[in-house]
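Participant: The structure is given below, and queries will be raised subsequently.
In the numbering used here, the protein residues as written are 20 to 839.
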């Protein structure tokens, strides 16, 4: 039987096995017959005959138990669970995996224990329980690595790649899946490689829909599946083609492919896969206007998915039912479906450990949040709906950061040797790169090595978090609600205003909050027009980078052009709000997208700058602002000052200025201005001033860094500081620059220092001028020493510099983040 399988003669192998089993039964050798039944079960499973596999495994188990062949009994238990899982009988399958793992662990069979862990994780993946799936795959992968089992190791990494895809970690999924294919091919694991190609094609379709590699991957997988009569694989290829066709607007081909896949899965008894194919068919009906048919199908599928706890399918069905209800003007029904969808997203998100996974997952599941926001905006008949709009906008804004602010922990050592070693190597490589640059040597090889180490560090850290201490949450899920908003408003001064911007379709709108009300400003400006105005302002700021080389008359012309661009932007985003802001003496802005790069203090109304009228703070969400404002900024008495005086002349002048203003300041320069000093002395400092080079990494914001004497101090390092509510001032270029992302989450050094315990962060929005930075910082700290708030001190510093240098490039670069 085994030889026939190796020759690919599967029908003959099955007939041979059945004949052998029947003969052994007739001879009364039930143990040998059960061993053959086990092989028949494995053969049936490989041929996608899951009902047949269940029968064979069940018939094998009594004889194996009677013969005390416990290892093969556990193998049969796992095989039976695999077949049950393929047929969608998940709860019973999980029970079998659990019993199999207990027995395998007790008997010291680590391979079988890992197989149970891995197989159970596949069910969690199918159900959308991503945290449990990730932990299971990683635990199995670690076991296979210890046992030096390359086949199983490659398969576990492939499955981790599948979960990464579901969580929207697309580059990471691509790397894992490609690596898995490279592992499978020399091992001649052709079926596994084919399945991995299907998964990789889905990832590429999400990243680059028109990539020709997508079709070649699916064609190669289909060829392998056809050669081995792997019907389930062929159906998976058809479903992947259908999904891509639908996402690119080719609905008729999508429907044809999905119908073929659905029929194949139904024939094989693969209920979970069949439901996914039916979902795609119903989505095609939606796009083609057959709403009644689609509604009925989605309602039926929702019930089936709920019964089988297929949360990913439930989420898709609820979202589509919400869309259908909206198109049929059933707004209450739409709101109900989208709220149910959001509940599933929140449940899944809360189980995930680490804000990276939480944010990435939320980014992929924003549709119901956006649609609820749209419904709130469309129902503005009552002024109370302004509150509903604000709460809907806040539900997905800066959620990962809001969760982390309540969970400040000091964590210098991970306890993971591999992670600590990578951190050491990365720090050494960054110091080496700095030397190469200073000496004018070629840096390409060093930069490539650092990129590889950064990737490895993040991946090892991610996997360590999955299994170290379980899937512990990092902070609790924090959103703005009626109660927390009311508490925030009670604490606001009566002359304070918060402005939060949002965008739906091409409409920029704003919520205006004071101590007694929430008001809405609809259709503030077309968003594409606003983005164009932002680009013009940024161009004017960039033009000033070489201003020291320009004649004074040309600088005056540039200042006039910048003022004109800022006046145009003011007219778009601020002038429509001024009636509601006339009494404001404290202002906090929650920007949207590219508005995060705008220096609001520099907006000009034709007669004066906004920063002349009111001190301004910036926050990524109202929920974050509420947490920060609940912690008043400390009185600055004894700041910790780290200044890179070896490479920056202005850093030495800043250090001298702070010594004069604050006699109790702790000032470290030269080699002492290092990360260890920051970690040790920053714990008790009321404020921290860092004068050094800054590096913003748009490609990998976690490694945006400040260049201290001993190397780069990255955003990842800043998150672990455990500060005691200190004011942090980053006197460095681009220290306040951040990446934008879906879900209105921004990543950069400011975010990292807030997570690390800062009460407020002062940072720059563009590369700053050295000389004027010293003047700005001197005026800022003198104002702080006199009792001004950080935003008030910032306003006074802006005025002092503006009297000498009129262009906003010089005086408006620094913003205060978190609160006033």
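For glycine and all other residues, C-beta sits at the position ideal for the given N, C-alpha and C.
Where does residue 731 fall in DSSP's three states?
Facilitator: Correct three-state label for residue 731: strand.
Participant: From 717, 730, 331 and 814, pick the residue whose C-alpha is nearest to that of residue 766; which is it?
Facilitator: The option with the nearest alpha carbon to residue 766 is 717.
Participant: For residue 842, which of helix, strand or coil comes out of DSSP?
Facilitator: This structure does not reach residue 842, given that the chain is present from 20 up to 839, and the question cannot be answered.
Participant: Would you kindly check if the distance between the Cβ of residue 734 and the Cβ of residue 723 is under 7 Å?
Facilitator: A contact, by the Cβ cut-off of 7 Å.
Participant: Around the C-beta of residue 283, are 16 or more other C-beta atoms found within 10 angstroms, so that it is buried, or is it exposed?
Facilitator: With 16 or more other Cβ atoms within 10 Å, it is buried.
Participant: Going residue by residue through the region 279-335, where are the continuous beta strand (DSSP E) segments of at least 3 residues, counting only ones entirely within it?
Facilitator: Listed in chain order, there is nothing to give.
Participant: Hey, how far is the Cα of residue 610 from the Cα of residue 824?
Facilitator: Spanning the two alpha carbons is a distance of roughly 27 Å.
Participant: What three-state label does DSSP hand residue 75 in the structure shown?
Facilitator: Note: residue 75 maps to helix in three-state DSSP.
Participant: Residue ranges of each alpha helix (DSSP H) run of no fewer than 4 residues wholly in the region 391-470, ordered along the chain?
Facilitator: As far as the region 391-470 is concerned, its whole alpha helix (DSSP H) runs of at least 4 residues are 404-413, 418-424 and 436-458.
Participant: How would you write the range of the beta strand (DSSP E) that residue 688 sits in, first residue to last?
Facilitator: That run of the beta strand (DSSP E) goes 685-688.
Participant: Okay, do the region 234-253 and the region 206-213 touch, 3+ Cβ pairs below 8 Å being the bar?
Facilitator: Touching, yes.
Participant: Have a look at residue 6 and residue 630 and give me their C-alpha separation to the nearest angstrom.
Facilitator: The chain is shown only over 20 to 839; residue 6 falls outside these bounds and no answer can be derived.
Participant: Taking the C-alpha atoms as reference points, what is the distance between residue 594 and residue 351?
Facilitator: Using only the alpha carbons, I get a separation of about 35 Å.
Participant: Using 10 angstroms around the beta-carbon of residue 316, count the other beta-carbons present and answer buried if the total reaches 16, otherwise exposed.
Facilitator: Under this definition residue 316 is a buried residue.
Participant: Could you give the C-beta distance for residue 276 and residue 290, rounded to a whole number, given that I count them as a contact under 8 Å?
Facilitator: Incorrect: roughly 20 Å between the Cβ atoms, too far for contact.
Participant: According to DSSP, what are the bridge partners of residue 628?
Facilitator: Partner(s): 623.
Participant: Taking the alpha carbon of residue 664 as the reference point, which residue from 789, 256, 641 and 267 has its own alpha carbon closest?
Facilitator: Residue 664 has its Cα closest to that of 789, out of 789, 256, 641 and 267.
Participant: Excluding the 5 residues flanking residue 377 on each side, which residues of the same chain have their C-beta closer than 6 Å to its C-beta?
Facilitator: 368, 371 and 419, listed in sequence order.
Participant: Any contact of the region 105-112 with the region 130-146, i.e. 3+ C-beta pairs under 8 Å?
Facilitator: Yes: the two stretches touch, three or more of their Cβ pairs being nearer than 8 Å.
Participant: Since residue 530 sits in a beta bridge, which residues does DSSP pair it with?
Facilitator: DSSP, once it has assigned bridges, lists 519 and 539 as partnering residue 530.
Participant: Taking the beta strand (DSSP E) that residue 835 falls in, what are its first and last residues?
Facilitator: It spans 833-836 - the beta strand (DSSP E) in which residue 835 sits, taken as one unbroken run.
Participant: In whole angstroms, give me the CA-to-CA distance for residue 779 and residue 546.
Facilitator: Roughly 29 Å separates the two Cα atoms.
Participant: Please look up how many angstroms separate the CB atoms of residue 477 and residue 465, rounded, as I've assumed it's under 8 Å.
Facilitator: With 8 Å as the limit, residue 477 and residue 465 do not qualify as a contact, their Cβ atoms being about 19 Å apart.
Participant: Measuring CA to CA, which of 197, 318 and 329 is closest to residue 356?
Facilitator: The residue with the shortest Cα to Cα distance from residue 356 is 318.
Participant: Roughly how many angstroms lie between the CA atoms of residue 667 and residue 834, to the nearest whole one?
Facilitator: If I take the Cα positions, the gap works out to 22 Å.
Participant: Nearest to residue 590 by CA position, among 603, 619, 564 and 415, is which residue?
Facilitator: For the residues 603, 619, 564 and 415, the minimum Cα distance to residue 590 belongs to 619.
Participant: Taking one C-beta from the region 52-60 and one from the region 71-88 each time, how about it: are there three or more such pairs within less than 8 Å?
Facilitator: Yes, since at least three Cβ pairs between the region 52-60 and the region 71-88 fall closer than 8 Å, the two stretches touch.
Participant: Quick one: what's got a C-beta closer than 8 Å to residue 118's C-beta in the same chain, skipping five residues either side?
Facilitator: Counting only Cβ-Cβ distances below 8 Å, and skipping sequence neighbours, we find 96.
Participant: Report all residues from its chain with a CB closer than 7 Å to the CB of residue 505; omit the five preceding and five following residues, and keep chain order.
Facilitator: Within the same chain, residue 505 has no close Cβ partners at all.
Participant: At what residues does the alpha helix (DSSP H) containing residue 196 begin and finish?
Facilitator: Counting along the chain, the alpha helix (DSSP H) containing residue 196 begins and ends at 189-203.
Participant: Give me the DSSP bridge partner(s) of residue 708.
Facilitator: Answer by DSSP bridge pairing, in chain order: 660 and 748.
Participant: Do residue 622 and residue 577 come within 7 Å of each other at the CB atom, strictly closer than that value?
Facilitator: No, Cβ-Cβ distance for residue 577 and residue 622 is not below 7 Å.
Participant: For residue 137 versus residue 159, is the C-beta distance shorter than 7 Å?
Facilitator: The answer is yes: Cβ separation under 7 Å.
Participant: Could you work out which residue in 33, 226, 582 and 533 is closest to residue 604 when comparing CA atoms only?
Facilitator: The shortest C-alpha separation from residue 604 is found at 533.
Participant: Count the other CB atoms within 10 Å of the CB of residue 153; is the residue buried (16 or more) or exposed (fewer)?
Facilitator: It is buried - the Cβ of residue 153 has at least 16 other Cβ atoms within 10 Å.
Participant: Label residue 800 either buried or exposed according to how many other C-beta atoms from any shown protein chain fall within 10 Å of its C-beta, with 16 as the threshold for buried.
Facilitator: Residue 800 should be labelled buried.
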